[in-house]
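Remarks on the structure that follows.
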Amino acid sequence: MTADLGFWVLQTLNALQLSMLLFLLSVGLTVIFGLMHFVNLAHGSLYAFGAYMAASLAGVLGYWGGFLLAPLAVAALGAVLYFTLIRSQRRAGPMAQVLITFGLIFVAVDATRLIWGDLPIGIAVPAVFEGQLALLGVTYPIYRLFIIALGLAVLAVLTLVLTRTQVGAMIRAGVDNDQMAACLGINVERMFFLVFVVGCALAGLAGAVAAPVLSVTPDMGLQILIPTLIVIVIGGLGSLKGAVAGSLIFGFVQTFGAVLLPTFNSVLIYALLAAVLVIRPEGLLPAKG
Amino acid sequence: MFAHTPLRLTTLTLLAIGSLAYAFVAGFFGLEILAEIAILAILVIALDLVAGFGGMVSLCHGALMGVGAYAFTVAANEAGLGAFPAMMLAVALSAALAFVIGAICARSIGIYFIMATLAFGQMAYSFVFQSPLFGGDDGLSGAPRPDLTAIGIDLTDSRAFAIYAIAMVALTYLVAAATLRSGLGRSLVGLHHNEKRLRALGLTVWRAKATAFAISGALAGLAGCLAAQHTQYISPGLLSWTVSGEALVVVILGGLGTLVGPIVGAVLFVVLKHEISAITPYWHAIVGLILIAVVMSRANGVFGFVEARMAARKSKPVLQKANADA
Amino acid sequence: MLETRTLTKSFGPIHVTKGVSLRLEKGERRVILGPNGAGKTTLFNQLVGELTPDSGTILLDGADVTSLRVADRARLGLSRSYQKNTLFDGLTIGENLGLAAAVALGKGQGLWRDPLQSAEVRETVREVAAQVDLAAFLDMSVKAVSYGIRRQLEVGIALATRPKVILMDEPTSGVGPEMSKGFHRLLKALPRDLTVLIIEHDMDLAFDVADTITVLNYGEVVFDGLPEAARQSQMLKDIYLGAWEDA
């Protein structure tokens with residue numbers, strides 16, 4: 001019985017860890033979409049860039065230097081992208097956006113290959129979080145618990161900012177109705193920029209925390225993109241709650257699917273997505289009623 | 001609405017003459033490239049039919065092509081069907097799958113349609129990747145080429161195969177053009193402009209969308225059969241969404257919604273790929289930059305750009321005359 | 001020909017249609033009047049099936065169509081035009097009419113022949129173009145013609161399905177008084193067996209074409225009768241003329 005319980009605890013922790021990583025990625029992407037109606041397929045590439053930056057900086061400044069600076073570096077890259085590509089394409093329609101950011105993926109993959117080479121890079125877990133922790137009859141790597149805690153902390157901060165601050169109220173108004181927000185005298189342009197850059201920084205943060213558990217490779221951005229998109233489409237484009245729900249659903253279906261239904265595992269999540277799109281084409285918790 | 005303008009007919013004629021002439025003089029490597037262009041051309045004509053004319057931007061056409069390739073290979077190798085019956089079966093299967101996807105996604109618009117097709121495409125990819133029948137990650141080899149020795153054609157010869165692939169492009173183009181000029185094709189263009197109005201006029205919208213998607217899927221399946229016959233080895237990578245994305249890139253580079261443009265795009269794409277990758281291993285980055293430049297320039301690809309220029313030149317004298325009269 | 005029985009629809013606490021019962025005979029031309037927000041367009045949306053009523057029945061030619069979908073009702077001979085132009089923008093005027101005729105003739109899913117070239121469709125396009133005075137513009141792109149011409153096309157598309165009943169939602173909204181009058185002459189020249197229901201803002205023009213008048217206010221029918229009676233009704237003047245003059 002304890003072994004049984006241990007199995008469930010272990011898999012639940014695994015699922016939570018995957019969910020939190022996806023949450024960090026999807027929340028930026030979905031709020032950017034909700035606010036600016038912009039589909040950024042290169043969001044995964046920003047995550048990969050974050051991981052590479054963290055790996056490189058860790059060699060010089062240690063893990064925590066990379067952890068803090070990688071999101072900033074990605075935010076800076078995001079700012080450059082915003083002024084060169086994103087802003088002018090905001091009203092260009094989903095197809096132009098999909099194509100331009102698809103082109104960016106091509107460029108990003110080759111740029112990382114050029115700078116960091118084709119071979120995977122690994123970095124060590126920081127000393128504080130080395131080792132395992134005994135928990136409810138299982139031992140679990142402390143670093144993975146840290147990822148879960150970090151995801152929950154980011155969720156708490158974002159919830160507070162969105163519900164309790166003036167900026168948050170503006171963002172919610174903007175997602176609800178962009179014209180109304182402009183009428184209320186909100187500087188929409190500055191708000192877009194802020195949200196875009198914060199979304200990029202969160203993608204960079206996700207890359208930085210994922211770097212020690214996954215191997216850092218040029219195509220890691222491409223690999224995470226599809227799960228991220230699935231998360232936000234299941235959850236409903238544009239909503240924070242949707243990103244949370246979508247991340248949890250994806251994390252748990254993927255993790256428990258792999259151990260309970262190994263033969264159907266990879267089809268399972270796509271079938272779920274298809275079902276959601278058929279029954280609720282706008283996702284489970286869309287931003288707009 | 002779709003029409004054969006003199007520019008389009010001229011371009012088609014030049015493409016046909018050029019490719020056939022090249023097929024007779026090219027060496028082995030050139031012929032391989034010619035076949036590659038032909039297969040990509042079939043896929044992008046299929047995609048332009050729904051994306052360019054019907055506004056249904058699909059990210060599952062790679063998967064539909066892959067399903068065709070796998071169905072053909074399994075039907076020919078495991079079920080022992082002849083190459084042509086196996087092709088027909090594969091095309092029918094791709095069409096049926098596309099019909100189901102089109103019917104389910106008919107309610108989704110814009111980015112939701114793109115995401116929904118992406119999901120179905122990846123579902124097919126995962127299924128093929130995991131299923132032992134399809135060889136998983138290793139793929140399958142030994143897809144046969146049709147046996148036309150009865151009429152004196154040996155398709156194992158790369159020259160004959162290239163010409164056969166060009167003939168299939170012509171067939172694909174004829175099917176797509178005929179579809180666009182049929183009632184369904186007219187409705188498809190109407191749906192792109194105003195779905196609500198067509199419904200109010202009495203069109204069963206989901207069925208029109210699903211049927212158009214099925215025809216496009218059949219053509220993508222045909223491209224898959226040819227791809228399997230060409231390399232005689234197929235892997236799940238054929239179904240990946242990046243293949244669909246690349247096909248969309250080719251359509252855009254050539255000219256969305258022109259049917260002729262995507263063929264031009266296929267020629268440019270394959271030639272550029274071989275030319276650039278001979279110089280640098282980072283050819284994807286170059287393609288990405290070209291793509292970004294084309295989309296940001298707001299020109300409708302290479303062919304679309306020429307078409308718009310020709311139209312402007314044609315209407316200019318009329319305008320000047322009108323000004324002179326006034 | 002077209003009948004509604006106690007049609008009711010509300011969005012939350014707001015009744016947009018409240019127990020509306022109408023009965024149009026074959027060939028009748030009825031004008032619906034009412035101030036903004038009276039529920040006229042919402043009524044049309046329910047009649048054609050774009051909105052589902054909460055309760056009540058809609059009968060077309062004696063058959064209950066309440067549960068039928070938009071396209072199914074259209075195939076039974078119900079057609080509508082929109083207050084806001086709902087055209088096929090990238091196409092020519094002739095293609096707009098041809099597409100509508102082709103779909104109505106059941107050729108919208110055909111795989112073999114080009115319906116725009118078929119004799120039936122061409123004949124319909126020619127007739128409708130004459131009815132709405134568009135014969136000179138058939139080869140022009142919708143994008144290239146004036147707003148007034150687009151308004152005529154809006155009604156032309158609805159006519160191209162050869163309907164038994166046509167609903168026109170403010171066909172002359174946004175065009176000048178001269179064009180409105182010309183348009184009403186075209187309306188009067190339509191075949192007498194076509195049943196017409198029009199939402200109209202301009203009272204004088206309404207009296208000009210109407211056989212009968214229905215007035216809606218807050219989703220309710222407050223008047224139903226002949227134009228003369230409507231013209232003399234003090235109640236209508238009191239409640240609605242003010243609103244129209246403001247508009």
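Chains as they are written, first to last, in the UniProt record's numbering: chain A, 1 to 289; chain B, 1 to 326; chain C, 1 to 247.
No residue lacks a Cβ here, since even glycine has one placed at the ideal position from N, Cα and C.
At a cut-off of 8 Å between beta carbons, Gly185 of chain B makes no contact with chain A.
Under the three-state reduction of DSSP output, Ser118 of chain C falls in the coil class, being neither helix nor strand. The segment 11-89 of chain A is shown to contain whole alpha helix (DSSP H) runs of 4 or more residues at 43-61 and 63-81, in chain order. Chain C places a beta carbon closer than 8 Å to that of His193 of chain B, counting this residue as a contact. In the three-state DSSP reduction, Ser131 of chain B falls in the coil class, being neither helix nor strand. For Thr139 of chain A, DSSP records a beta bridge to A:Ala134.
Between the alpha carbons of Leu174 of chain B and Asp176 of chain A lies a distance of about 47 Å.
Among the residues of chain B, none has a CB under 8 Å from the CB of Arg231 of chain C; the nearest is roughly 33 Å distant.
In this chain, the alpha helix (DSSP H) harbouring Glu36 of chain B covers Phe28 to Asp48.
What Arg107 of chain B touches in chain A, judged by beta-carbon distance under 7 Å, is Pro281, going in chain order.
Bridge partners of Ala63 of chain C according to DSSP: C:Leu60. If you draw a 10 Å sphere on the C-beta of Gly103 of chain A, you find 16 or more other C-beta atoms in it, and that means buried.
For Asp114 of chain C, the neighbours in chain B by C-beta distance under 8 Å run, in chain order, Arg181, Ser182, Gly183 and Arg186.
In this structure, C:Gln152 is the residue among C:Glu95, C:Gly156, C:Gln152 and C:Ala189 with its C-alpha nearest to the C-alpha of Val175 of chain C. Any Cβ of chain C closer than 8 Å to the Cβ of Leu259 of chain B would place that residue at the interface, and such an atom is absent. Scanning the segment 84-169 of chain B for uninterrupted beta strand (DSSP E) segments of 3 residues or longer gives nothing; none is fully contained.
Contact check for Leu150 of chain A and Val209 of chain A: beta-carbon distance about 6 Å, within the 8 Å limit, so the pair qualifies. Within the segment 100-126 of chain B, the residues whose Cβ lies closer than 8 Å to some Cβ of chain A are Ile104, Cys105, Arg107, Ser108, Gly110, Ile111, Tyr112, Ile114, Met115, Ala116, Leu118, Ala119, Phe120, Gln122, Met123 and Ser126, listed in chain order. Using a CB distance cut-off of 8 Å, Met296 of chain B counts as an interface residue toward chain A. Per DSSP, reduced to three states, the secondary structure at Arg80 of chain C is strand. Secondary structure at Lys164 of chain C: coil, using DSSP grouped into helix, strand and coil. Residues of chain B whose Cβ lies closer than 8 Å to the Cβ of Lys107 of chain C are, in chain order, Gly183. Tyr282 of chain B belongs to the set of residues whose beta carbon lies under 8 Å from a beta carbon in chain A. A straight line joining the alpha-carbon of Val31 of chain A with that of Phe196 of chain A spans about 9 Å. Within the segment 1-24 of chain B, those residues whose Cβ lies closer than 7 Å to any Cβ of chain C are, in chain order, Met1. By a beta-carbon distance limit of 8 Å, Leu216 of chain C contacts Ala38 of chain C. Their separation comes to about 4 Å.
Non-local C-beta neighbours of Ala79 of chain B in its own chain, meaning closer than 8 Å and more than five positions away in sequence, comprise Ala86, ordered along the chain.
Assignment of Ser244 of chain B by DSSP, reduced to helix, strand and coil, places it in the helix class. Chain order gives the chain A residues near Ala285 of chain B as Phe106, Val107, Asp110 and Ala111, where near means a beta carbon separation below 7 Å. Here the alpha carbon of Leu105 of chain C sits roughly 13 Å from the alpha carbon of Asp114 of chain C.
Taken in chain order, the members of the segment 44-59 of chain C whose beta-carbon sits within less than 8 Å of a beta-carbon on chain B are Val48 and Glu50.
For Gly288 of chain B, the closest Cβ of chain A is nearer than 8 Å.
For Arg207 of chain B, the C-beta contacts it makes with chain C under 7 Å involve Gln109, in order along the chain. In this structure, the CA atom of Ala134 of chain A is about 11 Å from the CA atom of Gly6 of chain A.
Closest in alpha carbon position to Trp8 of chain A, among A:Ala124, A:Tyr140 and A:Leu277, is A:Tyr140. Residue burial is scored here from C-beta neighbours: Gly12 of chain C has fewer than 16 other C-beta atoms within 10 angstroms and is therefore classed as exposed.
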